[in-house]
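Worksheet: one structure, shown below.
Numbering (my numbering), first residue to last: 3 to 252.
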């Protein structure tokens, strides 16, 4: 039986930041859930994509070939028969790959959002004829960098990893970014000021954690919350932003 041929877009490896970026692109294009990757299909697409690059005599970085080997290995493990009388369920061979993709997606989204915020901040400062109140210029404090958010998130992920054996056995309802935006705003309004990590104290699965982080980025982008940090070794604090303050006054 012939292998299925997929109609892949006319893009080059140079369009991607690495193999994880390419994988995310293929997963989204195939409308798959990142939490339930059809590994056989995505491996075939990935290998076909690399073959196309070779046909065009384009150089393929070693990291793409390493990922190809990893996908093939995972596919092989998924095809192995499982013993019906096993008391313990084997770990899903896709788990490590899914974790890498989730972490990459978080940082990619964070980087894009912060670049947007920085661009808007620079545009604000480039208008000398306008007198702008410094308190209204930024949505993130000038001292906040992408690495600060990454470190804060890594701490949450590390803590979450300790709970994963338990949280993975608990079925929870899926939540939307909009729902988590409401959750974040309610928590901050209750406390006036909230620490970044305090928004992740409830034991949840990885999907809810990621959605909550995305909600925080969206709220910051829309000026509904403000993030600040006094020093690099202190927690990032969050409070209600200018848009919400104006809304409550009106």
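All C-beta atoms, glycine included, are put in the ideal place defined by N, C-alpha and C.
Using DSSP bridges, identify the partner residues of residue 195. Here residue 195 corresponds to residue number 193 of the chain shown, with the count starting at 1. DSSP lists 241 as partners of residue 195.
Under 8 angstroms by Cβ, that's how I've got residue 187 and residue 226 pegged, so tell me the actual separation to the nearest angstrom. Looking up residue 187 in the chain shown gives position 185. Looking up residue 226 in the chain shown gives position 224. Going by Cβ atoms, the distance from residue 187 to residue 226 rounds to 7 angstroms, so yes, they are a contact pair.
Check each candidate in 182, 189, 105, 80 and name the one with the smallest Cα separation from residue 158. Taking the first residue of the chain shown as 1, we reach residue 158 at position 156. Comparing Cα-Cα distances from residue 158 to each of 182, 189, 105, 80, the minimum goes to 105.
Could you pull the start and end residues of the beta strand (DSSP E) that residue 227 belongs to? In the chain shown, counting from the first residue as 1, residue 227 sits at position 225. First-last of the beta strand (DSSP E) with residue 227: 227 to 230.
If I follow the unbroken alpha helix (DSSP H) through residue 37, where does it start and stop? By one-based count along the chain shown, residue 37 stands at place 35. Taken as a continuous stretch (DSSP letters only), residue 37 belongs to no alpha helix (DSSP H), as it is neither H nor E.
So, for residue 62: in the same chain, excluding its five sequence neighbours on each side, which residues have a beta-carbon less than 8 angstroms away from its beta-carbon? Locating residue 62 in the chain shown gives position 60, counting from the first residue. Cβ neighbours of residue 62 beyond the five flanking positions: 15, 52, 55, 56.
Using alpha carbons as the reference points, say which of 69, 233, 223 lies closest to residue 96. Within the chain shown, numbered from 1, the residue matching residue 96 stands at position 94. Of the listed residues, the one whose Cα sits closest to residue 96 is 69.
Is it buried or exposed for residue 81, if we count other Cβ within 10 angstroms and need 16 for buried? The sequence position of residue 81 within the chain shown is 79, counting from 1. Classification of residue 81: exposed, given that the 10 Å Cβ count is below 16.
Quick one: Cα of residue 48 to Cα of residue 25, how far? Locating residue 48 in the chain shown gives position 46, where the first residue counts as 1. Locating residue 25 in the chain shown gives position 23, where the first residue counts as 1. Straight-line Cα distance between these residues: approximately 7 angstroms.
Counting along the chain, where does the alpha helix (DSSP H) carrying residue 23 start and finish? In the chain shown, the residue the question calls residue 23 occupies position 21. Per DSSP, residue 23 belongs to the alpha helix (DSSP H) from 21 to 31.
Look at the alpha carbon of residue 153 and the alpha carbon of residue 233, and state the distance between them as a whole number of angstroms. As a first step, residue 153 is located in the chain shown; it is residue number 151 there, counting from the start. As a first step, residue 233 is located in the chain shown; it is residue number 231 there, counting from the start. Going from the Cα of residue 153 to the Cα of residue 233 covers about 13 angstroms.
Which stretch, first to last residue, makes up the alpha helix (DSSP H) that contains residue 75? Along the chain shown, one-based indexing puts residue 75 at 73. Counting along the chain, the alpha helix (DSSP H) containing residue 75 begins and ends at 64 to 81.
Hey, residue 237 and residue 197: beta-carbon distance below 7 angstroms or not? What you label residue 237 is simply residue 235 of the chain shown in a count that begins at 1. What you label residue 197 is simply residue 195 of the chain shown in a count that begins at 1. Yes.
Kindly list the residues whose CB is nearer than 7 angstroms to the CB of residue 182, restricted to its own chain and excluding five residues on each side of it in sequence; keep chain order. Position 180 of the chain shown, counted from the first residue, corresponds to residue 182. Hits under 7 angstroms: 213, 214, 217.
Under the three-state DSSP convention, the category residue 220 falls into: In the chain shown, the residue the question calls residue 220 occupies position 218. Residue 220 falls in the helix class under three-state DSSP.
Which of helix, strand or coil does DSSP assign to residue 1? Lying outside 3 to 252, the shown extent of the chain, residue 1 is not represented and no answer is given.
Quick check on the burial criterion: 16 or more other C-beta atoms within 10 angstroms. Buried or exposed for residue 195? As a working note, residue 195 is residue 193 in the chain shown. Answer is exposed; the Cβ neighbour count stays below 16.
Cβ-based burial, residue 71 [other Cβ within 10 Å; buried from 16]: The count along the chain shown starts at 1 and reaches residue 71 at position 69. Exposed: under 16 other Cβ atoms inside 10 Å.
Looking at residue 241: is its Cβ nearer than 7 angstroms to the Cβ of residue 228? Position 239 of the chain shown, counting from 1, holds the residue named residue 241. Position 226 of the chain shown, counting from 1, holds the residue named residue 228. Yes, they are a contact pair.
Please classify residue 64 as buried or exposed, where buried requires at least 16 neighbouring CB atoms within 10 angstroms. Residue 64 sits at position 62 when you count from the first residue of the chain shown. So residue 64 counts as exposed.
DSSP three-state label for residue 93, please. One-based indexing of the chain shown puts residue 93 at position 91. DSSP places residue 93 in coil when its eight states are reduced to three.
Looking only at C-alpha atoms, which of 77, 202, 21 sits nearest to residue 42? Your numbering for residue 42 matches position 40 in the chain shown. If we check each option's Cα against that of residue 42, 77 comes out closest.
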